[in-house]
Every structure is written in C-alpha cells, then in structure tokens.
Amino acid sequence: MVSSVLCRCVASPPPDAAAAASSSASSPASVGDPCGGAVCGGPDHRLRLWSLFQTLDVNRDGGLCVNDLAVGLRRLGLHRTEGELQKIVQAGDKDLDGQLDFEEFVHYLQDHEKKLRLVFKSLDKKNDGRIDAQEIMQSLRDLGVKISEQQAEKILKSMDKNGTMTIDWNEWRDYHLLHPVENIPEIILYWKHSTIFDVGENLTVPDEFTVEERQTGMWWRHLVAGGGAGAVSRTCTAPLDRLKVLMQVHASRSNHMGIVGGFTQMIREGGARSLWRGNGINVLKIAPESAIKFMAYEQIKRLVGSDHETLRIHERLVAGSLAGAIAQSSIYPMEVLKTRMALRKTGQYSGMLDCARRILAREGVAAFYKGYVPNMLGIIPYAGIDLAVYETLKNAWLQRYAVNSADPGVFVLLACGTMSSTCGQLASYPLALVRTRMQAQASIEGAPEVTMSSLFKQILRTEGAFGLYRGLAPNFMKVIPAVSISYVVYENLKITLGVQSR
C-alpha cells in the first residue's frame, strides 16, 4: 500500500511542507514527530517519495506514464480509472512530455497534499483531527447531497484502515493522495469574484454556484446582493465615471482636460447634480444584464458538456465570454443611452425616455448599436485577463498561505479583485474608448459613417497611442473605492437577505 512508503505521523502536516521538504538536514526524529516529518517535510521526505516513485515506475525508464501508474498502483492495491490517471499526469506534467519525472511527481504530490489538507480541515467540523460519519453527512449536506448514516459509514469503511470508524489525516491522505481531486467547494465559496466586485464594467466571467446554493435558492440572493452592491458602488463613483466619458470623447492634444478642470467644467455647466448624469440608466441596466448573463452562462455550461460541478479555467472563459456577449447584445441600447445621457447639456433631454425617442426619430434604430463591434471585441481581453489574473493570485495565495482554511480574508479578496479588474480594464481600454466615441457621435445626414478601424487610425494619427488611453486616470481612480464599496454593501445585503456566510 501507499502507506508503506509515506509518513505515519499522527499529526497533520505543518504549513510549510514544501519548503521543509527541500531541507537536507539529517537530525533524528523528535519524540513529538515520530516519523521525522517524512511527508510533513522532514529529512526523509524525498527518500520516501523516491521509494514510492521507484515502486510505481514499473518499466524503470525514470518517468511515470499512465500505464506505469495503472500497473504500479494496482500492485499497491489501488485501482484507478484511465481517466483519473490521465488527470494526474496532466496536472503534474510541466514539460508536456506525457509522463512525470521525479521532480514533477514530487511537485504534484506536494501541491495535491495541500489541497487535501484544506478539504480535511473543512470536513473536520469538531477540529479533533478525525472525521466521523456525522461530519461526512453534514459536509455533504452543505453541498446539497443528502445521504443516510449507513451510506456515510460505508464511505468511512472504504478509507478506515484501523477499524475505528473514524478517519485520521494519514488515512485520508493515503486514500486520496494519488486520486485526482479537482473541485474543492470551500475554495469556490470563499473566493467569490464577479458577484462581489463592481467597477462599472460588467464584462467579468460569472461566478460558480455550488449544488446547495442552486437547490436552496441562495444563488438569486447572491445575485440580488451583487446587483444592490453594484448600484450603490456605481452611484458613489458616478462623478468619476462621467468625467472618464467626457475625457474619452472631448479630450485631445488641443483640448487638454485634467481631473480638476473636468470637474470644474461639469459643475459650472450644470451644477453639482450634473456630476451624476447618466448614472440612472447605468444602475437600471444592472438587473437585466446580470440576469441574462447568469441564465446564458448556465445554459452554455450545459452545452460545454463538462461533467464537473465547476468548469475548468478555459471552459469558464469561453462560457463566460459567450454569456457576456449575449447579455451585452440584449441591453446594448441602454449602453448607448448611458453615454448620450452622460454627455448631454443642461436642458437637452427631459429624461431617459425623451433621449431614446429623439435618437430613434433622428438617427434610427441603428444608432442604438453604435460601437457594438469594439464592445464585443473588448469582452475577450477584459474577461480573459481579469479571470487569469484573479485565478493566478488566488492560486498563489492558496499555495503559500492557506493552511487551515481557504478563507483569504477581506484584504486579500479586495486586493486580488482590484488588481485583476485593473489589468482587465487596461487591456481592453482602447476598445472601450473607441466604443464610447462611436456611441457619442450623432448621425449627421449625408456625413460618412465612422467605422471602428477609421476611428482607430484617426486617433493614432492625430493624438498618438496615448490618445487611446484618454480618461484612464479617473477610470483607475474609481476602481479601489468601487471595489471597497461594493464589497461592504454586498456583505451587508447578504445578511439582510439571509445568505449563509461561510
């Protein structure tokens, strides 16, 4: 069995297992650590893993392929499907040669053991270092899976080596260490992203919801809390958003517009209330856009055909981008209205409906889709980079600092959300600027239609590359307050709506 070459220490591994594993010290085991910290990261760690590696390397070629793992694990009394073994190889195969060398094998086990430790800690409700049938029943119930006590005991018996009807860390690790575990629901629950952070651009990939959240109706409460948080956040940062739109459309080399000058100009033209022009429609579009995106995302997930509760990163990007495109297409006329309302002069329109009526009468239906192409093209770089940066930061934190819980704390969540949103906006900003200028242009009878490519060329020719980033300063200035406000409001709305905090 695997346990013959792994640590039998009764204690859970310390947090810095990976760092300690590289130590070459040869001091004897202490009384409190009878194994010398083998898998816990002591001096015998690599020797024991090397022994396991040699046991599994049946053809003695220095690498573990799927066939090696199948035969080797079968000899150790462990039976895994070919699909499960392929996942193990794919997860650890850094050089993509189809097999695991010893260093890749060690890295995979260390990374996998950290994930197993997080799950073990979350299952160990009593915090006594053991898991019993009641704790298994409770944990599965939390995830929307109801089982009887007999079923829970059957699960226990499959892992229980000493007949105590409880599972300690060693038994848990021995059973799961060479078994691919991809979905850790606790990480999903703590690391909510798009339902929490609203920076004014609703182009992020939707969050995953667990089976329990979908079955109990908690998902819509999360969405309502996220929508309310977005409404408050956008209203509080609306002056900066309007300044950004004005700078995107009117600022140039000949018409320099700074932060202070822009605010002064807006207040002089329409008073303090004018700072919030365009905010009404910006808040109104949150509800339909979020609802359409969520429904589209759930349907696309089914079309993707994943058999997992949560999608992999590239599947989330594809599903999220398509859902975003569908949602944006559905509410895009509201985007045009928002830009026109933000740019309007005092007394130009009596309200949103009057603005829509006049655009329809003078410019036709096509005017409501000005800038549609750059808007759609901007979804991929924004959503892709935002998701990639957030996942990278999340995984880095989990690797280095997650010991007893996957809960990162408020500060880490805010920092990761702010950095990922900022990177996403920076990548897609030129497309956003061109979109805004196209939305702002009123059709003049007989005038040539402005296209995306011609507008890009004109900006580069007259203003240079810097011209594609007009308004970037107020846009970045609103990110931190927007993220902070939306998080605080989201947490308070969750309490009001009865959403369980984990």
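Every number in our numbering is 96 more than the matching position in the sequence shown, counting from 1.
Backbone N, C-alpha and C fix where the C-beta goes; we use that ideal spot for every residue, glycine too.
With the cut-off set at 9 angstroms, would you say F216 and G158 are in Cβ contact?
The residue you call residue 216 lines up with position 120 of the sequence shown. The residue you call residue 158 lines up with position 62 of the sequence shown. Their beta carbons are not under 9 angstroms apart, which means F216 does not touch G158 by this criterion.
Determine the direct distance from the alpha carbon of Q186 to that of R213, and round the result to whole angstroms.
Your numbering for residue 213 matches position 117 in the sequence shown. Your numbering for residue 186 matches position 90 in the sequence shown. Roughly 21 angstroms separates the two Cα atoms.
Measuring CB to CB, does V202 end up less than 9 angstroms from E178?
Taking the first residue of the sequence shown as position 1, residue 202 is located at position 106. Taking the first residue of the sequence shown as position 1, residue 178 is located at position 82. Not closer than 9 angstroms, so no.
What three-state label does DSSP hand R349 in the structure shown?
Indexing the sequence shown from 1 puts residue 349 at position 253. Note: R349 maps to coil in three-state DSSP.
Inter-residue CB distance, L181 and D189 (contact presumed, cutoff 8 angstroms):
Within the sequence shown, the letter at position 85 stands for residue 181. Within the sequence shown, the letter at position 93 stands for residue 189. Not confirmed; about 12 angstroms, so no contact.
For L551 and V530, the rounded distance between their alpha carbons
The count along the sequence shown starts at 1 and reaches residue 530 at position 434. The count along the sequence shown starts at 1 and reaches residue 551 at position 455. Rounded to the nearest angstrom, the two C-alpha atoms are 7 angstroms apart.
Look at F464 and I475 and say whether their C-beta atoms are less than 9 angstroms apart.
As a first step, residue 464 must be located in the sequence shown, where it is residue number 368. As a first step, residue 475 must be located in the sequence shown, where it is residue number 379. Not a contact, by the Cβ cut-off of 9 angstroms.
Check for me: the alpha helix (DSSP H) holding V164 runs from which residue to which?
Here residue 164 refers to the residue found at position 68 of the sequence shown. What sits at residue 164 in the sequence shown is Asp, not Val. That run of the alpha helix (DSSP H) goes 162-171.
Could you have a look at D337 and say whether DSSP puts it in helix, strand or coil?
Looking up residue 337 in the sequence shown gives position 241. Of the three classes helix, strand and coil, the one that applies to D337 here is helix, per DSSP.
Terminal residues of the continuous alpha helix (DSSP H) containing H208?
Counted from its first residue, the sequence shown places residue 208 at position 112. Segment 198-219, the alpha helix (DSSP H) holding H208.
Delimiting residues of the alpha helix (DSSP H) encompassing L439
Taking the sequence shown and counting its residues from 1, one reaches residue 439 at position 343. That run of the alpha helix (DSSP H) goes 409-439.
Can we say the region 329-341 touches the region 370-378, given the rule of at least three CB pairs closer than 8 angstroms?
yes
Sequence-distant residues of the same chain with beta carbon closer than 8 angstroms to D153, five excluded per side:
As a working mapping, residue 153 is identified with position 57 in the sequence shown. G159, L160, D164, G168, listed in sequence order.
Taking the Cβ atom as the reference point for each residue, do T514 and V575 lie within a distance shorter than 9 angstroms?
Residue 514 sits at position 418 when you count from the first residue of the sequence shown. Residue 575 sits at position 479 when you count from the first residue of the sequence shown. Their beta carbons are under 9 angstroms apart, which means T514 touches V575 by this criterion.
Identity of the residues DSSP links to R226 by a beta bridge:
Start at 1 with the first residue of the sequence shown, and residue 226 comes out as number 130. BP columns for R226 point to D264.
According to DSSP, is Q195 part of a helix, a strand, or is it coil?
Mapped onto the sequence shown, residue 195 falls at position 99. Three-state DSSP puts Q195 in coil, outside helix and strand.
Going by the beta-carbon positions, is the gap between G416 and A479 smaller than 9 angstroms?
Indexing the sequence shown from 1 puts residue 416 at position 320. Indexing the sequence shown from 1 puts residue 479 at position 383. Yes, they are a contact pair.
When you compare the CB positions of Q361 and R533, do they come within less than 9 angstroms of one another, or not?
As a position in the sequence shown, residue 361 is number 265, starting the count at 1. As a position in the sequence shown, residue 533 is number 437, starting the count at 1. Contact: no.
Keeping to the same chain, check which residues put their C-beta closer than 8 angstroms to that of A87; ignore five residues upstream and five downstream.
The requested residue 87 does not occur in the structure, where the chain is confined to residues 97 to 598.
Using only the alpha-carbon positions, how far apart do F390 and P526 sit?
For the purposes of this step, residue 390 is taken as the residue at position 294 of the sequence shown. For the purposes of this step, residue 526 is taken as the residue at position 430 of the sequence shown. One C-alpha to the other measures close to 27 angstroms.
Cutting at 8 angstroms between CB atoms, please list the residues of its own chain near R330, excluding the five before and the five after it.
As a first step, residue 330 is located in the sequence shown; it is residue number 234 there, counting from the start. Here the set comprises D294, G296, D337, N375, N378, V379, I382, A578.
Do A538 and T435 have their C-beta atoms closer together than 9 angstroms?
Indexing the sequence shown from 1 puts residue 538 at position 442. Indexing the sequence shown from 1 puts residue 435 at position 339. Not closer than 9 angstroms, so no.
Measure the C-alpha to C-alpha separation of L433 and R458 and round it to an integer number of angstroms.
Numbered from its first residue, the sequence shown carries residue 433 at position 337. Numbered from its first residue, the sequence shown carries residue 458 at position 362. Looking at the two C-alpha atoms, the distance is approximately 14 angstroms.
What do you get for G357, buried or exposed, if any count of 16 or more other CB atoms within 10 angstroms of its CB means buried?
Numbered from 1 along the sequence shown, position 261 holds the residue referred to as residue 357. It is exposed - the Cβ of G357 has fewer than 16 other Cβ atoms within 10 Å.
Output the distance between the C-alpha atoms of V127 and G173, rounded to the nearest integer angstrom.
Along the sequence shown, one-based indexing puts residue 127 at 31. Along the sequence shown, one-based indexing puts residue 173 at 77. Reliability fails at V127, whose pLDDT of 30 lies under 50, so the model's placement of it is uncertain and the value that follows must be treated cautiously. Distance between the alpha carbons of V127 and G173 is about 31 angstroms.
Spatial neighbours of Y468 in its chain, beta-carbon cut-off 7 angstroms, leaving aside the 5 residues before and after:
Within the sequence shown, numbered from 1, the residue matching residue 468 stands at position 372. Result list for Y468: Y428, in chain order.
Would Y583 pass as a contact of V506 if the rule is Cβ separation under 9 angstroms?
Locating residue 583 in the sequence shown gives position 487, counting from the first residue. Locating residue 506 in the sequence shown gives position 410, counting from the first residue. Yes.
Put N626 into one of helix, strand or coil per three-state DSSP.
Given a span of 97 to 598 for the chain in the structure shown, any question on residue 626 remains unanswerable.
Determine the contact status of S524 and P477, defining contact as a CB-CB distance below 9 angstroms.
Within the sequence shown, residue 524 is the residue found at index 428, counting from 1. Within the sequence shown, residue 477 is the residue found at index 381, counting from 1. Yes, these two residues count as a Cβ contact at 9 angstroms.
On a Cα-Cα basis, can you pick out the residue from C512, A492, P470 that is closest to D482?
Your numbering for residue 482 matches position 386 in the sequence shown. It is C512 whose Cα lies nearest to the Cα of D482.
Between L589, V400, E559, which has its C-alpha nearest R349's C-alpha?
Translated into the one-based positions of the sequence shown, residue 349 becomes position 253. Of the listed residues, the one whose Cα sits closest to R349 is E559.
For I280, three-class secondary structure by DSSP
Numbered from 1 along the sequence shown, position 184 holds the residue referred to as residue 280. Below a pLDDT of 50, predicted positions are generally treated as unreliable, and I280, at 43, falls in that range; the measurement from the model is reported next regardless. In the structure shown, I280 sits in coil (DSSP, three-state: anything other than H, G, I, E or B).
When burial is assigned at 16 or more other CB atoms within 10 Å of the CB, is T333 buried or exposed?
On the sequence shown, residue 333 is found 237 positions in, with the first residue counted as 1. Burial call: buried.
Quick one: measure Cβ to Cβ for V585 and V328, integer angstroms, because I've assumed they're closer than 8 angstroms.
For the purposes of this step, residue 585 is taken as the residue at position 489 of the sequence shown. For the purposes of this step, residue 328 is taken as the residue at position 232 of the sequence shown. With 8 angstroms as the limit, V585 and V328 qualify as a contact, their Cβ atoms being about 5 angstroms apart.
Quick one: Cα of S580 to Cα of S517, how far?
Sequence index remark: in the sequence shown, residue 580 carries index 484 (1-based). Sequence index remark: in the sequence shown, residue 517 carries index 421 (1-based). C-alpha separation (whole angstroms): 13 angstroms.
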